[in-house]
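> For what it's worth, the numbering used here labels the leading residue of the sequence shown as 225, then goes sequentially. From the three backbone atoms N, C-alpha and C, an ideal C-beta is built for every residue, glycine too. Shown below is the structure under consideration.
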Amino acid sequence: ISRFALTDSRITDDSMASSASSVFSNRQQRDSCAFCFDVLHNHLKAQDLAHKQIPDPDLPNGKFPLFVTWKIFDKKRSYWKLRGCIGTFEPRHLNQGLKDYALISALKDSRFSPISLPELSLLSVNTSFLTDFEDAKDCMDWKVGVHGISISFSVQYKSYSATYLPEVCPEQGWSKEECLDSLIRKAGYQRRIHSKLRSSISLTRYQSVKTSMTYEEYEKLRDER
Numbered sequence: 225i226s227r228f229a230l231t232d233s234r235i236t237d238d239s240m241a242s243s244a245s246s247v248f249s250n251r252q253q254r255d256s257c258a259f260c261f262d263v264l265h266n267h268l269k270a271q272d273l274a275h276k277q278i279p280d281p282d283l284p285n286g287k288f289p290l291f292v293t294w295k296i297f298d299k300k301r302s303y304w305k306l307r308g309c310i311g312t313f314e315p316r317h318l319n320q321g322l323k324d325y326a327l328i329s330a331l332k333d334s335r336f337s338p339i340s341l342p343e344l345s346l347l348s349v350n351t352s353f354l355t356d357f358e359d360a361k362d363c364m365d366w367k368v369g370v371h372g373i374s375i376s377f378s379v380q381y382k383s384y385s386a387t388y389l390p391e392v393c394p395e396q397g398w399s400k401e402e403c404l405d406s407l408i409r410k411a412g413y414q415r416r417i418h419s420k421l422r423s424s425i426s427l428t429r430y431q432s433v434k435t436s437m438t439y440e441e442y443e444k445l446r447d448e449r
């Protein structure tokens with residue numbers, strides 16, 4: 225699994241192209257985050273009860289590509305920093321997909337050490353369900369803050385691919401060109417980036433239903449259950 229877990233699989237189910245904003249209720253979006261905390265909480269605090277059954281949340285029955293992102297609050301700098309983010313472009317049943325990627329993103333992101341128990345109370349989680357996949361006309365045919373982008377290209381018979389979720393570009397303050405060039409580097413291409421290379425890129429744009437929850441919010445919700 226690579227950073228942000230861009231897989232080579234493509235969305236072939238036309239049902240994935242429909243918008244999910246009307247599919248997920250506010251409660252379901254909230255419960256998706258709480259479920260990720262349930263899974264990680266159970267793993268870190270009750271490893272001797274690792275097979276403890278966690279109730280599945282009431283989520284839509286369809287399959288969706290999804291990502292789980294963990295952030296941790298840096299008390300010294302007073303900001304949230306990335307702690308792990310992995311997902312898949314392969315449509316997954318949501319309950320099992322969240323159960324898998326809540327732990328994969330927390331424990332197996334190669335950029336970070338596994339999340340540990342002392343960090344639990346400082347965490348927040350984001351769930352992103354990817355929707356509305358479209359082939360772009362060119363590498364600039366997308367909107368900052370609206371679309372995530374997935375690129376693929378080949379140079380001298382070597383293939384490259386990478387993705388950024390919709391929130392990455394605005395969070396970094398990038399222009400489209402800066403975002404695209406950063407994504408080219410993320411894909412592993414280290415030579416000079418020129419207009420001919422950019423014009424050779426195949427770009428797929430997509431949107432997401434994103435929900436966030438802090439551990440403090442999770443604890444309050446858990447007390448209400």
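Which runs of the beta strand (DSSP E) fall wholly inside the segment 326-356 and span at least 3 residues, in chain order?
With a minimum length of 3 residues, no continuous beta strand (DSSP E) run stays inside the segment 326-356.
> Assess contact between the segment 382-398 and the segment 324-331, defined as three or more Cβ pairs (one per stretch) separated by less than 8 angstroms. Is contact present?
Flag = no, the segment 382-398 and the segment 324-331 do not touch.
> For R227, count neighbouring C-beta atoms within 10 Å of its own C-beta (all shown protein chains included) and say buried if the count is 16 or more, exposed if not.
Because the pLDDT of R227 is 40, which lies under 50, any placement of that residue in the model is unreliable, and the number read from its coordinates should be weighed accordingly. Looking at its Cβ environment, which holds fewer than 16 other Cβ atoms inside 10 Å, R227 is exposed.
> Thinking C-alpha only, which one of F353, M437 and S337 is nearest H317?
Checking every option, the nearest Cα to that of H317 belongs to F353.
> Between which two residues does the beta strand (DSSP E) holding L427 run?
Segment S426 to T438, the beta strand (DSSP E) holding L427.
> Per DSSP, which one or two residues make a beta bridge with R316?
F288
> Mind checking whether T435 and C257 have CB atoms under 8 angstroms apart?
yes
> Of the choices S340, K382 and V247, whose alpha-carbon is the least far from that of A270?
If we check each option's Cα against that of A270, S340 comes out closest.
> In whole angstroms, what separates the C-alpha of R422 from that of E343?
41 angstroms
> Exposed or buried, D255, counting other C-beta atoms within 10 Å across all chains shown (16 or more means buried)?
It counts as buried.
> Cα separation between K306 and K299?
The residue you asked about is not Lys; residue 306 is Leu in the sequence shown. Looking at the two C-alpha atoms, the distance is approximately 14 angstroms.
> Helix, strand or coil for S383, going by three-state DSSP, please let me know.
strand
> With which residues is D359 paired in a DSSP beta bridge?
Residue pairing by DSSP places D359 opposite T428 in a beta bridge.
> Can you tell me the Cα-Cα spacing of S378 and I408, whole angstroms?
11 angstroms
> Can the beta-carbon of N319 be found less than 8 angstroms from the beta-carbon of P281?
With respect to P281, N319 sits close: the two C-beta atoms are nearer than 8 angstroms.
> Quick one, are the C-beta atoms of T438 and S302 less than 8 angstroms apart?
no
> Quick check on G321: does DSSP put it in helix, strand or coil?
helix
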